[in-house]
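Worksheet: one structure, shown below.
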Amino acid sequence: MSLDRPNTFEIDLSAVARATARVRAQIGPGVMFFATLKSDAYGYGVLPAARTVLAHGADALSLACVSDAIAMRAAGIDAPILLYAGVLHDADAVRAYETHGFMPTIHDEASFQALCRHASRRLDVAVKVDVGPERIGVPYSEAAGFVARVAAHPMLRLAVVNAHPNVRGGERAAACLDWQYERMVELARRLREAGIRGHRTVMASSKVLRMAGSRMAFDAVDPGAALFSEVDAAGGNAAQAFHALKSRLIAVRTVERDAFLDEAPFAMRPGMRVGVLPIGYSDGVHRAHAGCALVRGRRVPIVGNAALEYLRLDLSEVPDAQPGDEAVLIGAQGGMAIAPQEAMRHQGAARVIDMALQIGRGVKRIYLPA
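Note that the sequence shown ends on residue 370 in our numbering; no numbers are left out.
Spelled out as structure tokens, the structure:
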């Protein structure tokens, strides 16, 4: 008997495997492939995702949390791990980099000096350059000189120079991406002329690979979101790592009231049967449904707003529904299906992965094998 709430998020690792293999085929064998698994692998679970991508074409991992990186080592994963900017390089952090062989990011003078101050042995490092997002990284105008200083430091070995371009939609998106790419090309040229070699140059995120293919790959890439969905022949998302989101009814009853009907939490009618699921907005369900669920192979509407830990269903058309019955919010049941893309459109989300990011840690992850 399980003592947990009966909520499950099913993740298809075969979709991750195929998407990873597709990226590897796109970039070819000579390009280093950093698989970016930020935010607990976008909600899918960093350890299962890491094992899958490394088995199907990735060479290394890019993470944001040192704790995630340490968990990789504890699980026996010895692939290179690049740590994106996000941690202050204090003595404890630098000790972790040295102990576990992580590659920290330098993004400004303060982070450079902190690493130099605390390092007790030579560290591989990445330098983040801001070529357009105006967010974090060494300003492009200062990048060549800054990278040269890092490369010359006796306690540091320059392993990566990376950038994350800003790519918005619209008719000027391609031109803006090209502008940022040309900045990176010019930086790479200046570094070569200064005799700085032996590092990888990274700019190709998921969106860059989608827009420009391998043209902007340099000698390394770091896609993230692209590893969790396949792309069909028309360029749209096909198979998804997001396989299913399920719960079970814990209560079913007929609801009646004869006062304050206009204050009811949803539109009521005589004889209406309502079921309750033990999943709510603390679990992220308010951002991951299509306005309906499947119960006993029938579509039933979600009624009212999600509460902290509860969600209501109108079961009037499923008279035999009872507590314990499975309710599928995303996925298939009895020949019917609610696709992740349908929920994405209902939510107004840009990507299925944006829904996965919302699913709380209290929802049990179940992995379908690669």
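Note that the Cβ used here is the ideal one computed from N, Cα and C, for glycine as well.
{"query": "Would you tell me roughly how many angstroms separate the C-alpha atoms of residue 219 and residue 347, rounded to the nearest one?", "result": "38 Å"}
{"query": "Classify residue 229: buried if its beta carbon has 16 or more other beta carbons within 10 angstroms, exposed otherwise.", "result": "buried"}
{"query": "Can you find at least 3 beta carbon pairs, one from the segment 159-172 and one from the segment 124-137, that sit closer than 8 Å?", "result": "yes"}
{"query": "Looking at the strands, I want to know which residues DSSP matches up with residue 34.", "result": "60"}
{"query": "Three-state secondary structure (DSSP) at residue 130?", "result": "strand"}
{"query": "In terms of residue numbering, what span does the beta strand (DSSP E) encompassing residue 164 cover?", "result": "Careful: residue 164 lies outside any beta strand (DSSP E) and carries neither H nor E."}
{"query": "Is it buried or exposed for residue 8, if we count other Cβ within 10 angstroms and need 16 for buried?", "result": "buried"}
{"query": "Leaving out five residues on either side along the sequence, give the residues of the same chain with a beta carbon under 6 Å from the beta carbon of residue 10.", "result": "243, 244 and 366"}
{"query": "Buried or exposed: where does residue 257 fall if 16 or more other Cβ atoms within 10 Å of its Cβ makes it buried?", "result": "exposed"}
{"query": "Where does residue 155 fall in DSSP's three states?", "result": "coil"}
{"query": "Mind checking whether residue 324 and residue 297 have CB atoms under 8 Å apart?", "result": "no"}
{"query": "Residues in its own chain within less than 7 Å of residue 31 by CB, not counting five upstream and five downstream?", "result": "217, 219, 220 and 221"}
{"query": "Enumerated in chain order, which unbroken segments of the beta strand (DSSP E) with a length of 3 residues or greater are wholly contained in the segment 160-206?", "result": "200-204"}
{"query": "Check whether the Cβ atoms of residue 61 and residue 19 lie closer than 8 Å to each other.", "result": "no"}
{"query": "Contact defined as beta carbons within less than 8 Å: I believe residue 436 pairs with residue 321. What is the distance between those atoms, to the nearest angstrom?", "result": "No statement about residue 436 is possible, as the shown extent of the chain runs from 1 to 370 and does not include it."}
{"query": "What first and last residue would you give for the beta strand (DSSP E) that runs through residue 301?", "result": "298-303"}
{"query": "Report yes or no: do the segment 116-130 and the segment 143-158 share at least 3 C-beta pairs separated by less than 8 Å?", "result": "yes"}
{"query": "Mind pulling the beta strand (DSSP E) runs of 3 or more residues that sit fully within the segment 211-263?", "result": "229-231, 237-240, 242-248 and 251-254"}
{"query": "Please state whether the Cβ-Cβ distance between residue 78 and residue 103 is less than 8 Å.", "result": "no"}
{"query": "Using the three-state DSSP reduction, which class does residue 353 fall into: helix, strand or coil?", "result": "helix"}
{"query": "In the DSSP assignment, the alpha helix (DSSP H) including residue 339 goes from what residue to what residue?", "result": "Per DSSP, residue 339 belongs to no alpha helix (DSSP H) and is neither H nor E."}
{"query": "Between the alpha carbons of residue 362 and residue 283, how many angstroms are there, rounded?", "result": "7 Å"}
{"query": "Should residue 310 and residue 278 be called a contact, given that it needs their Cβ atoms to be closer than 8 Å?", "result": "yes"}
{"query": "Candidates 52, 58, 2 and 47: which alpha carbon is nearest residue 369's?", "result": "52"}
{"query": "Would the beta-carbon of residue 69 fall within 8 Å of that of residue 54?", "result": "no"}
{"query": "Between the alpha carbons of residue 198 and residue 151, how many angstroms are there, rounded?", "result": "10 Å"}
{"query": "If we count the other Cβ atoms within 10 Å of its Cβ and call it buried at 16 or more, is residue 169 buried or exposed?", "result": "exposed"}
{"query": "Leaving out five residues before and five after residue 29 in sequence, what residues of the same chain have Cβ atoms less than 6 Å from its Cβ?", "result": "none"}
{"query": "Could you tell me the boundaries of the alpha helix (DSSP H) in which residue 11 lies?", "result": "First-last for residue 11: 8-12, but that is the beta strand (DSSP E), not the alpha helix (DSSP H)."}
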